[in-house]
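Undergrad: In my numbering, the protein residues as written are 3 to 255. From the three backbone atoms N, C-alpha and C, an ideal C-beta is built for every residue, glycine too. Have a look at this one.
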Amino acid sequence: MENTHEAIIAKDVFQQVQEQIASRKRSRKDGQTQIFAGLIKCADCGWSLAYGENRQNKTPYGYYHCSKNGQGTKQCSMHYIRYDLLYGYVLSRLQHWYEQVQQDEERLLKQLLNTSDKERIATKKKHTAELRKAVKRKSEVDGLFAKMYEDWSAGRITEYNFNMLSERYQSEQRELDDKIRKLTEEMDAAVQTTQDAEKWIALIKQCSHPSELTAELLNTVIEKIVVHEAVKGTDGTRKQKVDIYYRFIGKID
Ligand SMILES: [Zn+2]
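See below:
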């Protein structure tokens, strides 16, 4: 096993996974560790979803919600998802991919390359537009800031207003810098090759038919899980989109 292609990848990823799990580990009061720690993100604000427990229910159950919403700031909506639902969905997807690999590896490889191409083009387009917008706004804010400084020097605005505006501009500048940096990073990381798809297939092959989720399994094959806000239908149904981004290959359906 030592010198096979798959073993080499496994070693590489294994190291990363161990580090990731260690850095993402948050021990809870009851000593339980969260297998999804660090993996679940809000589709709208990008913050991590926080874990909570409903103890009012006869049988207490776990759930996730956007941590930006949970801070009392109401800056983002709830993005509520039950732990058991999320668990079941993610497990079923991993089982699906495992079966695909077992059935016809070649076909899966082709499928992955095809989807990741389409996905990549769409994402690149979106990121480029967002980046352009952020850069433009950044230069506007820089201009406004300079103008305000002039006004203040010339005594056209009060110290109080200067401080207030200066805080506002600076916080927007920080947010924009952050956004520009993140977008640039994501665009750099989006360069994918056949090799990436092969690497991912090798990873999936190594998980024996998954019957339960562990932090190790999740961190090995999954990069992040993005949870969208649920949409309530007029008939009372609740629909929620969950995107799984896999290591090396990104989002596939
Ligand atoms: Zn959010």
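Helix, strand or coil: which one does DSSP assign to L199?
TA: As written in the sequence, residue 199 is Ala, which differs from the Leu given in the question. Helix, per DSSP.
Undergrad: Please tell me whether H67 and G48 are closer than 8 Å, where the distance is taken between their beta carbons.
TA: For H67 and G48, no; Cβs fall outside 8 Å.
Undergrad: Among the residues of its own chain, which have a CB less than 6 Å from the CB of K243, if the five just before and after it don't count?
TA: The residues are H230.
Undergrad: So what does DSSP say about N56, is it helix, strand or coil?
TA: In the structure shown, N56 sits in a strand (DSSP, three-state: E or B).
Undergrad: To the nearest angstrom, how far is it from the Cα of Q208 to the Cα of Y100?
TA: The alpha-carbon atoms of Q208 and Y100 are separated by roughly 9 Å.
Undergrad: State yes or no: is the C-beta of D245 nearer than 7 Å to some heavy atom of ligand 1?
TA: For ligand 1, not one heavy atom lies less than 7 Å from the Cβ of D245.
Undergrad: Do you know whose CA, among Q104, S69, Y63 and S79, lies nearest D86's CA?
TA: Nearest of Q104, S69, Y63 and S79 to D86, Cα basis: Y63.
Undergrad: For G235, which residues of its own chain have a beta-carbon under 8 Å away from its beta-carbon, when the five flanking residues on both sides are left out?
TA: The residues are K241.
Undergrad: Identify whether N5 lies in helix, strand or coil by the three-state DSSP scheme.
TA: Its pLDDT being 47, under 50, N5 is placed unreliably in this model, and the coordinates cannot settle the point.
Undergrad: When you compare the stretch 166-178 with the stretch 135-144, are there three or more beta-carbon pairs, one atom per stretch, that lie closer than 8 Å?
TA: Short answer: they touch.
Undergrad: On the three-pair Cβ rule with 8 Å, is the stretch 183-191 touching the stretch 149-166?
TA: With the cut-off at 8 Å, the stretch 183-191 and the stretch 149-166 do not touch.
Undergrad: Hey, Y82 and A232 are a contact pair by Cβ (cut 8 Å); roughly how many whole angstroms apart?
TA: Sure, about 7 Å apart at Cβ, within 8 Å.
Undergrad: Taking D179 as the reference, give the member of I203, K138, D153 and T216 with the closest Cα.
TA: Residue K138 is the option with its Cα nearest to D179.
Undergrad: Y248: which of T130, K201 and T61 sits nearest, CA to CA?
TA: For Y248, the nearest C-alpha among the options comes from K201.
Undergrad: Which one or two residues does DSSP pair with G64 in a beta bridge?
TA: Per DSSP, E55.
Undergrad: Find the nearest neighbour of Q97 within the set S69, H211, F147 and E21, judged by alpha-carbon distance.
TA: Considering only alpha carbons, the answer is H211.
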